[in-house]
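There are 4 protein chains.
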Amino acid sequence: MKHTAHTRVRYGETDKMGVAYHAHYLNWFEMGRTEFCRASGKSFSTWEAEGIMLPVVEAHCRYKSPLLYDDEIEIETSVTKLSKVSVTFTCRIFHADTHRLVAEGYTKHAFTSTDGKLLREGNALEQWLKDFLSDE
Amino acid sequence: MKHTAHTRVRYGETDKMGVAYHAHYLNWFEMGRTEFCRASGKSFSTWEAEGIMLPVVEAHCRYKSPLLYDDEIEIETSVTKLSKVSVTFTCRIFHADTHRLVAEGYTKHAFTSTDGKLLREGNALEQWLKDFLSDE
Amino acid sequence: MKHTAHTRVRYGETDKMGVAYHAHYLNWFEMGRTEFCRASGKSFSTWEAEGIMLPVVEAHCRYKSPLLYDDEIEIETSVTKLSKVSVTFTCRIFHADTHRLVAEGYTKHAFTSTDGKLLREGNALEQWLKDFLSDE
Amino acid sequence: MKHTAHTRVRYGETDKMGVAYHAHYLNWFEMGRTEFCRASGKSFSTWEAEGIMLPVVEAHCRYKSPLLYDDEIEIETSVTKLSKVSVTFTCRIFHADTHRLVAEGYTKHAFTSTDGKLLREGNALEQWLKDFLSDE
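Chains U, C, G and B, in that order, are what the protein sequence lines are. Residue numbering for the first sequence follows this note's numbering, beginning at 15 and increasing consecutively. Residue numbering for the second sequence follows this note's numbering, beginning at 15 and increasing consecutively. Residue numbering for the third sequence follows this note's numbering, beginning at 15 and increasing consecutively. Residue numbering for the fourth sequence follows this note's numbering, beginning at 15 and increasing consecutively.
Pasting the structure below:
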C-alpha cells in the first residue's frame, strides 16, 4: 500500500539559494507517515496514546531536483521493511505539476514504549503494519 | 540585569530573500532566555524539572535591519515585567560586528505546572525573577 | 475579504511540553498570506517575480490555547491596514474541530524592490490589496 | 583534518517525545560545515560570494542516543570524499558532558555555480578541500 499526501513549500522552508532547504524534506517525510497512518484507519497520535512510540534511528534522503517556494508536492509513503523491533518507511517526493521525482529516501524507526524502552517482543502497531508490507 | 548570548545565523535560517527568516528570531529570543537563566545561576531545564513551565502567551518582534547567513548576533535579554502569574522577557538582537540593533521584542509567559495549570499563588521561579526585575 | 487555509500540526512542530512551539505560528501566518493571495487571484510568488517583496517589519501573536500534534487548524487571514509603504495582515488561528480561537496576531510588511529598497511611491501590489481592505 | 563546533539543543528543537527532533541534526551538520570552513581559513559565505554553491544531493544520519533540551553537543566535521563535481562531509555528534557519540552521518554536495549549474571541470573550493582530505 502506498499513500500520497500533499503540501506546498513554505516561504520559511526556502533558503538563500532560493530553493527548499534540505532538512525540511525530513519534515515532509514525517507528514507522509502521519497521513499514511490516518489513511490506513488509525492515526499515529492514537498509536502514541496507546503507548507505542516510533523514534527515528536512521534517516536518508537523495535530492534530485530543487523545489521552489509555493511548489506543490506529493509525498508518497510506503512500508518497506518490518521486524519485531523496527519499521522502515520509504518516501518519494514528486513535484505535483510535473510529476517529476524530486527526492526519495527512508526513515527507520524503533518501536519503543513511552519511556523510550525498546519493545522487543512485537507490538500491536507492528502487527498492524504487517498488512501494508504484504501489499508490496 | 541583562544577559547577552551569542549565536550565528544558520544557512537553514535564511530564506529566498537571502536574509534570516522572521520566525527564527523567536528561537533566538528563546536562546536568550535559556542563557539568561543559566547565567543567573539556575538553568531553565532545572526549573522545569522542579515542575514550573513557562508557556508563551504573547510574542512580539520589530525587525529593523536584515541579517545574513553566518552573521554573528548578540541576544540581550532582560526581565521587564513580573506578576504572580506571568513574566515578560524583553529581547534585543544586535549585529555583533557593527553593534547595530537589528530587532527587538518581547515574550510574555504564564507560570504553569507541568500539566498546564496556571500557578496563581506565586512560585519559586517568580520569587527568583524578582531580583532581576529590581535590578532594572 | 477573509480567506481560510487549513493545515495540521506536524510532529516536528511540537516541543517537550507536548504542544505546538510558539515560533511555528508565524509560519502558519505565512501560509495564510500565501493562500490569501492565491485565493485572491494572483500568487505571492508571482508578485515576487514581478519585483515586489514583502519583508516582515513587525510580528505579533497572542496564544490562547495550546495545539497538539496532528490537530487540524484553520488559518483565517485578512488585510487590516494599508499604506503606500506597508501592509498589515491579521491572522486568527482556530482549532478546526472545536472552532475555538487558539491564537491571533498580525504581521506588518514593507513593500520593497528585490534589492531591498523601500517602494515609497505606491506599487501594483498595494493597489491590488486596496480592494481587500475596502471589503472590511 | 577534523573540526569540532559546539552548540546546545534549543527548546524549539525538542518534540513531544521530550528529545531533539531528528530533522534538526541536519541543521547541526550544516553548522559543523560552516565552522569547519571558517576554522580552515575561509568562510563558506566567502566561497558563495565567489560563485561556488554546495547544494546537498544526499544526506544520511544514524541516531544512536537521544538528546535533551539544553544538552551541549560537539559537532565533529571532516571531509571524507572528494571528486571534481562533489564533496562529502562526515559528521559525528557527541554529547559534550559524557562524550558519548549520539549521532553520525554525512552530507554529499554538488559544486554548482550560483545559477545551479554543475561545475564539471573542478573549481577553487574543490582544490582547497583537497588538502583536508589528504589529512585523513
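Every residue, glycine too, gets a C-beta built ideally from N, C-alpha and C. All values reported here derive from a predicted model rather than from experimental measurement.
Requested in this report: Could you tell me whether the region 41-51 of chain G touches the region 38-53 of chain C, where touching means 3 or more Cβ pairs closer than 8 Å?
Outcome: Below 8 Å, too few C-beta pairs join the region 41-51 of chain G and the region 38-53 of chain C to call them touching: fewer than three.
Query raised in the report: Can you find a C-beta in chain U that's less than 9 Å from the C-beta of THR21 (chain C)?
Result: no
Query raised in the report: What did DSSP end up calling TYR83 (chain U) once you bin it into helix, strand or coil?
Result: It is coil, neither helix nor strand.
Query raised in the report: So is VAL33 (chain C) in contact with chain G if we call contact Cβ pairs under 9 Å?
Result: yes
**Report entry** ARG134 (chain B) classed as buried or exposed, judged by whether at least 16 other C-beta atoms fall within 10 angstroms
**Finding:** exposed
Query - Cross-chain neighbours of THR28 (chain U) in chain C, by beta carbon under 9 Å - result: When 9 Å is used as the limit between beta carbons, THR28 (chain U) is near these residues of chain C: THR28, ASP29, LYS30, MET31 and TYR35, in chain order.
**Report entry** LYS131 (chain B), enclosing beta strand (DSSP E) - first and last residue
**Finding:** Note, LYS131 (chain B): premise wrong, no beta strand (DSSP E); not H, not E.
Query raised in the report: Quick one: Cα of TRP42 (chain C) to Cα of THR112 (chain B), how far?
Result: Going by the C-alpha atoms only, they are around 26 Å apart.
Query raised in the report: How is SER54 (chain B) classed by DSSP in three states: helix, strand or coil?
Result: coil
Query raised in the report: In angstroms, rounded to a whole number, what distance separates the CA positions of GLY130 (chain C) and PHE58 (chain C)?
Result: 17 Å
Requested in this report: Go ahead and pull the three-state DSSP assignment for SER92 (chain G).
Outcome: strand
Query raised in the report: For LYS98 (chain G) versus GLU62 (chain G), is the C-beta distance shorter than 9 Å?
Result: no
Report task. For chain B, find out if any of its Cβ atoms is closer than 9 Å to the Cβ of TYR39 (chain G); answer yes or no. Result -> no
**Report entry** Member of C:PRO80, C:TYR25 and C:VAL101 whose CA lies at the smallest distance from the CA of LEU115 (chain C)
**Finding:** For the residues C:PRO80, C:TYR25 and C:VAL101, the minimum Cα distance to LEU115 (chain C) belongs to C:PRO80.
Report task. Output yes if chain U places a C-beta closer than 9 Å to the C-beta of ALA73 (chain B); else output no. Result -> yes
Query raised in the report: Out of curiosity, what's the CA-to-CA distance linking SER76 (chain C) and HIS17 (chain G)?
Result: Here the sequence assigns Arg to residue 76 (chain C), which means Ser is not the residue at that position. Straight-line Cα distance between these residues: approximately 25 Å.
**Report entry** Span of the alpha helix (DSSP H) around GLU140 (chain G)
**Finding:** DSSP places GLU140 (chain G) in the uninterrupted alpha helix (DSSP H) bounded by 138-148.
Query raised in the report: Under a three-way DSSP split, which group does ARG76 (chain U) fall into?
Result: strand
Report task. Report the rounded CA-to-CA distance for LYS95 (chain U) versus GLU64 (chain C), giving the unit in angstroms. Result -> 42 Å
Report task. Consult DSSP for TYR120 (chain U) and reduce its assignment to one of helix, strand or coil. Result -> strand
Query raised in the report: Would DSSP call LEU68 (chain C) helix, strand or coil?
Result: coil
Report task. Look at the Cβ atom of HIS36 (chain G), then the Cβ atom of VAL101 (chain C), and state whether they are nearer than 9 Å. Result -> no
Query raised in the report: Rounded to whole angstroms, how far is the Cβ of TYR39 (chain G) from the Cβ of ALA117 (chain G), which I believe are closer than 8 Å?
Result: 5 Å
Requested in this report: Check the Cβ-Cβ distances between TYR83 (chain G) and every residue of chain D, and say whether any is below 9 Å.
Outcome: You won't find chain D in this structure, because its protein chains are U, C, G and B.
Report task. Please look up how many angstroms separate the CB atoms of MET45 (chain C) and MET31 (chain G), rounded, as I've assumed it's under 8 Å. Result -> Under the criterion of beta carbons closer than 8 Å, MET45 (chain C) and MET31 (chain G) do not qualify as touching, at roughly 17 Å.
Requested in this report: Count the other CB atoms, across all protein chains shown, that sit within 10 Å of the CB of GLY119 (chain G); report buried if there are 16 or more and exposed otherwise.
Outcome: buried
Requested in this report: Look at the alpha carbon of VAL23 (chain C) and the alpha carbon of ALA138 (chain U), and state the distance between them as a whole number of angstroms.
Outcome: Roughly 44 Å between the two C-alpha positions.
Query raised in the report: Excluding the five sequence neighbours on either side, which residues of its own chain have a C-beta within less than 7 Å of the C-beta of LYS78 (chain C), listed in chain order?
Result: LEU115, VAL116 and ALA117
**Report entry** Under 8 Å from the C-beta of TYR177 (chain G): neighbouring residues of chain B
**Finding:** Residue coverage of chain G in this structure runs from 15 to 150, which leaves residue 177 (chain G) outside it and unanswerable.
Requested in this report: At 8 Å on the CB atoms, spell out the chain G contacts of GLU44 (chain U), in chain order.
Outcome: ARG24, TYR25 and GLY26
Requested in this report: Measure from the C-beta of GLU88 (chain B) to each C-beta in chain C and report whether the shortest distance is under 9 Å.
Outcome: no
Query raised in the report: Between the C-alpha atoms of THR126 (chain G) and GLY136 (chain G), what's the straight-line distance to the nearest angstrom?
Result: The alpha-carbon atoms of THR126 (chain G) and GLY136 (chain G) are separated by roughly 10 Å.
Report task. Output, in chain order, the set of chain C residues within a Cβ distance shorter than 9 Å of SER92 (chain B). Result -> Per Cβ cutoff of 9 Å: no residues; SER92 (chain B) is ~19 Å from chain C at best.
Query raised in the report: Between the C-alpha atoms of LEU82 (chain U) and ALA124 (chain C), what's the straight-line distance to the nearest angstrom?
Result: 39 Å
Requested in this report: Taking only the alpha-carbon atoms, compute the straight-line gap between ALA19 (chain B) and ALA110 (chain B) and give it to the nearest angstrom.
Outcome: Near 11 Å, if we compare the C-alpha coordinates of ALA110 (chain B) and ALA19 (chain B).
**Report entry** Backbone CA spacing between THR28 (chain U) and SER148 (chain C) [nearest angstrom]
**Finding:** 43 Å
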